[in-house]
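Residue numbers (this note's numbering): 21 to 439.
Idealized CB from N, CA, C, for every residue including glycine.
Only one structure is covered here, and it is reproduced in the block below.
Here it is, written out as C-alpha cells:
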C-alpha cells in the first residue's frame, strides 16, 4: 500500500494543480448490513460495512477528475469458511476507488487512472465482465458495482454514427478476492487446515494487460465484440508444503486471453433479449490427483441468454439460462466440466422506488438450488433500507452447496450524502 502512495497523491492532487475555477462536488455513502446465518456457519451472526467518499472536479465540459476513497469492514471470509475450527475474524481495508482524469471531445473520451469497465449485456453471471477484479465473496446476489475493484487503465473510446471503438491498457494487473479454498477441496485432501499465501500485485510495468471492444447498432441489434489479454483474476493454488494435519498453498495467476460477443435486441416492442458468448483460452483449473494438488490449463466457453419482460400489473420478470463448459474432464477438480443454470427473477413494483425481488436459481447437473428474497424500501432520497433472505442447498458436489454457509437473513441500511 505504501509503495502506491506517490501515485495516489499525484492523482488526488491533480484537481488542485488545475485552474481553481472548477466546479467541485463531494458525495458518497455509508452502509451497514447485519446478517443472521441459517446454515452451518461457524458463528450465527455476521456483518458488512462499507463507505465511499468521492470528489468530482469539473473544469469546463471537457475535463473531469474523479477521486474516490473506499473502506470495507466485514466478517465474510470466516463466515463462509467450511472449516469448523477456523476462528471468526473480521477483515477491513481502506483503498483507492476510482481515481482518474477524464478528457473528452464530441467524438472521443479518454480516461487515465484507476477505474472500472463493465462489458457485457446480460444480467446474472456476468461472464463478459472480465476487465476488473472483484470481491467474489460479495457476488452471490450483490450489486456488481460494489464488488468490482478498480484497475489502473488507459481507456480510450472513439464514437461514430452508430457505434464505438474502445481500447484499454493496464500496466498493473490486480486480482480478485477469492472464496476460501477449503470450499472447493472439501474431503479431497486429508489435511483439515489449509493456509494460503496470497500473490502480491505486480509492480508497475512488470506485467501488461491490453484489449478492446467494438460496438455497433444495426437492424435493431446492439452488438459488441471484445478481446482482453490479462492475468487471470481467479487464483490457481500450488502446493508449498504439507504435513499430516496442515497443507500450505500459494496463489498464482497465469496469463489468459478472452474473446467474446454480446448482443441485445428488443422483441415485440417490450421484451428485451440479451446474450453473452465468452471464450477463454489457457485457464488453469485445480484438481486433486493421488491426494496431491495439481492444476491443468484448459479452454472455457461460457454462454448466457436472458429475456426481460415488460411490466404487467406491477410485475416484471427476467429469465436467464447460463452454461459454462471446459475443454476436458478433470477428475476431482474444483469445478465440474459442465455447469448450467437457470434463473427466474420476479420483481413487484410498490411505487416510489420501493420494490420486492424474488429469485430462484437451479443448477442442473449437480442439483444445486438458491432462493433469494429482497425488499428495497427507500425512506427518503438519501436513505435506503433493505430486508431480505437467501439460502443455498444441493448435492455436495454442486456449486450452491459449496456456499451454503452464506444462507442468511439480513437487514441493511444505506445513507447517501452530497455536499
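Checklist line | Selected residue, minimal CA-CA separation from residue 52, among 67, 45 and 115 | finding: Here residue 52 corresponds to residue number 32 of the chain shown, with the count starting at 1. Nearest of 67, 45 and 115 to residue 52, Cα basis: 67.
Next item on the list: Leaving aside the five residues before and after residue 129 along the sequence, list all residues of the same chain whose C-beta is less than 7 Å from its C-beta, in chain order.
Entry: Taking the chain shown and counting its residues from 1, the one referred to as residue 129 is at position 109. So the qualifying residues of the chain are 122 and 177.
Note to self: I need the DSSP call for residue 322, collapsed to helix, strand or coil.
What the structure shows: Residue numbering aside, residue 322 sits at position 302 when the chain shown is read from its first letter. In this structure, residue 322 counts as strand in the three-state DSSP scheme.
Check: Opposite residue 276 in the DSSP bridges: which residues?
Finding: As a first step, residue 276 is located in the chain shown; it is residue number 256 there, counting from the start. DSSP, once it has assigned bridges, lists 250 as partnering residue 276.
Next item on the list: Please state whether DSSP places residue 430 in a helix, a strand or coil.
Entry: Looking up residue 430 in the chain shown gives position 410. In the three-state DSSP reduction, residue 430 falls in the strand class (E or B).
Next item on the list: Rank 372, 409, 366 and 355 by C-alpha distance to the C-alpha of residue 385 and give the top, closest one.
Entry: The count along the chain shown starts at 1 and reaches residue 385 at position 365. In terms of Cα proximity to residue 385, the closest of 372, 409, 366 and 355 is 355.
Notebook entry, point to check: For residue 56, is the classification buried or exposed, using 16 other Cβ atoms within 10 angstroms of its Cβ as the cut-off for buried?
Noted result: Residue mapping note: residue 56 aligns to position 36 of the chain shown, counting from 1. With fewer than 16 Cβ atoms within 10 Å of its Cβ, residue 56 is classed as exposed.
Checklist line | Close Cβ partners of residue 352 (< 8 Å) along its chain, the five nearest in sequence each way excluded | finding: Taking the first residue of the chain shown as 1, we reach residue 352 at position 332. Contacts found: 208, 307, 308 and 309.
Check: By a C-beta neighbour count over all protein chains shown, 10 Å radius and 16 as the cutoff for buried, is residue 273 buried or exposed?
Finding: For the purposes of this step, residue 273 is taken as the residue at position 253 of the chain shown. Counting every other CB atom within 10 Å of its CB across the protein chains shown gives residue 273 a total of 16 or more, marking it as buried.
Next item on the list: Evaluate contact between the region 242-253 and the region 282-290, counting only Cβ atoms and requiring at least three cross-stretch pairs below 8 Å.
Entry: Segments in contact, yes.
Check: With a CB to CB cut of under 6 Å and the five nearest residues on each side skipped, what residues in its chain are close to residue 235?
Finding: For the purposes of this step, residue 235 is identified with residue 215 of the chain shown, where counting begins at 1. The residues are 183, 184 and 244.
Item checked: CA-to-CA distance, residue 341 to residue 347, given in whole angstroms -> Residue mapping note: residue 347 aligns to position 327 of the chain shown, counting from 1. Residue mapping note: residue 341 aligns to position 321 of the chain shown, counting from 1. Here the C-alpha atom of residue 347 lies approximately 20 Å from the C-alpha atom of residue 341.
Next item on the list: Could you check if residue 43 is buried or exposed, using at least 16 other CB atoms within 10 Å of its CB as the buried criterion?
Entry: Counting from 1 along the chain shown, the entry for residue 43 is found at position 23. Exposed is the call here.
Next item on the list: For my contact list, residue 322 and residue 338 are in at a C-beta cut-off of 8 Å; report their separation, rounded to the angstrom.
Entry: For the purposes of this step, residue 322 is taken as the residue at position 302 of the chain shown. For the purposes of this step, residue 338 is taken as the residue at position 318 of the chain shown. Contact flag wrong, Cβ pair sits at about 18 Å.
Notebook entry, point to check: Ordered along the chain, which non-local residues of its own chain (more than five positions away) have a Cβ less than 7 Å from that of residue 194?
Noted result: By 1-based counting over the chain shown, the position of residue 194 is 174. Correct list, in chain order: 153, 169, 171 and 221.
Next item on the list: In angstroms with no decimal places, state the Cα-to-Cα distance between residue 190 and residue 335.
Entry: What you label residue 190 is simply residue 170 of the chain shown in a count that begins at 1. What you label residue 335 is simply residue 315 of the chain shown in a count that begins at 1. Distance between the alpha carbons of residue 190 and residue 335 is about 43 Å.
Next item on the list: Along the alpha helix (DSSP H) that carries residue 138, what are the first and last residues, could you check?
Entry: For the purposes of this step, residue 138 is taken as residue 118 along the chain shown, with counting starting at 1. From DSSP, residue 138 is part of no alpha helix (DSSP H); its letter is neither H nor E.
Next item on the list: To the nearest angstrom, report how far apart residue 315 and residue 276 are at their CA atoms.
Entry: Along the chain shown, read from residue 1 onward, the residue named residue 315 stands at position 295. Along the chain shown, read from residue 1 onward, the residue named residue 276 stands at position 256. Whole-angstrom Cα-Cα distance: 14 Å.
Check: Once you ignore the five residues that flank residue 105 on each side, which residues in its own chain have a CB closer than 6 Å to its CB?
Finding: For the purposes of this step, residue 105 is identified with residue 85 of the chain shown, where counting begins at 1. For residue 105, the predicted model reports a pLDDT of 43, less than 50, meaning its position is unreliable; a value from the coordinates is still stated below. Taken in chain order, the list of residues that qualify is empty.
Item checked: Neighbour-count burial assignment, residue 200, 16 or more Cβ in a 10 Å radius -> By 1-based counting over the chain shown, the position of residue 200 is 180. With 16 or more other Cβ atoms within 10 Å, it is buried.
Next item on the list: List the whole-angstrom C-beta distance separating residue 375 from residue 367, where the pair is believed to meet the contact cut-off of C-beta under 8 Å.
Entry: Taking the chain shown and counting its residues from 1, the one referred to as residue 375 is at position 355. Taking the chain shown and counting its residues from 1, the one referred to as residue 367 is at position 347. Right, the Cβ-Cβ distance comes to about 6 Å (below 8 Å), so this counts as a contact.
Margin query: Cutting at 6 Å between CB atoms, please list the residues of its own chain near residue 238, excluding the five before and the five after it.
Written below: Numbered from its first residue, the chain shown carries residue 238 at position 218. For residue 238, where only same-chain residues beyond five positions count, there are no Cβ hits under 6 Å.
Item checked: Residue closest to residue 439, alpha-carbon to alpha-carbon, out of 278, 84, 330 and 76 -> One-based indexing of the chain shown puts residue 439 at position 419. Measuring from the Cα of residue 439, the nearest candidate turns out to be 76.
Checklist line | Of the residues 266, 395, 188 and 74, the one placed nearest residue 215, counting alpha carbons only | finding: Residue numbering aside, residue 215 sits at position 195 when the chain shown is read from its first letter. Ranking 266, 395, 188 and 74 by Cα distance to residue 215 puts 266 first.
Checklist line | Closest Cα partner of residue 58 within the set 415, 410 and 435 | finding: The residue given as residue 58 occupies position 38 in the chain shown. Nearest C-alpha to residue 58: 410.
Notebook entry, point to check: How many angstroms separate the CA atom of residue 72 from the CA atom of residue 140?
Noted result: For the purposes of this step, residue 72 is identified with residue 52 of the chain shown, where counting begins at 1. For the purposes of this step, residue 140 is identified with residue 120 of the chain shown, where counting begins at 1. Approximately 25 Å, taken between the alpha carbons.
Next item on the list: Please look up how many angstroms separate the CB atoms of residue 88 and residue 65, rounded, as I've assumed it's under 8 Å.
Entry: Within the chain shown, the letter at position 68 stands for residue 88. Within the chain shown, the letter at position 45 stands for residue 65. About 30 Å; that fails the 8 Å criterion.
Check: Looking only at DSSP bridge pairs, what is residue 239 linked to?
Finding: Within the chain shown, the letter at position 219 stands for residue 239. Paired residue(s): none; residue 239 is not in a bridge.
Check: Considering only residues of the same chain and omitting the five flanking positions on each side of residue 225, which have a CB-CB separation below 7 Å?
Finding: Residue 225 sits at position 205 when you count from the first residue of the chain shown. Taken in chain order, the residues that qualify are 191.
Check: With distances taken from CA atoms, which of 151, 167, 125 and 217 is nearest residue 180?
Finding: Counting from 1 along the chain shown, the entry for residue 180 is found at position 160. When 151, 167, 125 and 217 are compared, the shortest CA-CA separation from residue 180 is found for 125.
Item checked: Of the residues 286, 429 and 388, the one placed nearest residue 395, counting alpha carbons only -> Looking up residue 395 in the chain shown gives position 375. Out of 286, 429 and 388, the CA that lies nearest to the CA of residue 395 is found in 429.
Note to self: Quick check: what's the CA-CA separation for residue 331 versus residue 380?
What the structure shows: Numbered from 1 along the chain shown, position 311 holds the residue referred to as residue 331. Numbered from 1 along the chain shown, position 360 holds the residue referred to as residue 380. Roughly 19 Å between the two C-alpha positions.
Item checked: Nearest to residue 425 (by Cα), restricted to the options 202, 295, 148 and 404 -> Position 405 of the chain shown holds residue 425. Measuring from the Cα of residue 425, the nearest candidate turns out to be 202.
Next item on the list: Excluding the 5 residues preceding and the 5 following residue 427 in the sequence, name in chain order all residues of the same chain whose CB lies nearer than 7 Å to its CB.
Entry: Numbered from 1 along the chain shown, position 407 holds the residue referred to as residue 427. So the list reads 57, 58, 59, 410, 411 and 412, once near-sequence residues are dropped.
Margin query: Between the alpha carbons of residue 91 and residue 47, how many angstroms are there, rounded?
Written below: Stepping through the chain shown from its first residue, residue 91 is reached at position 71. Stepping through the chain shown from its first residue, residue 47 is reached at position 27. Per the coordinates, the alpha-carbon of residue 91 lies some 15 Å from the alpha-carbon of residue 47.
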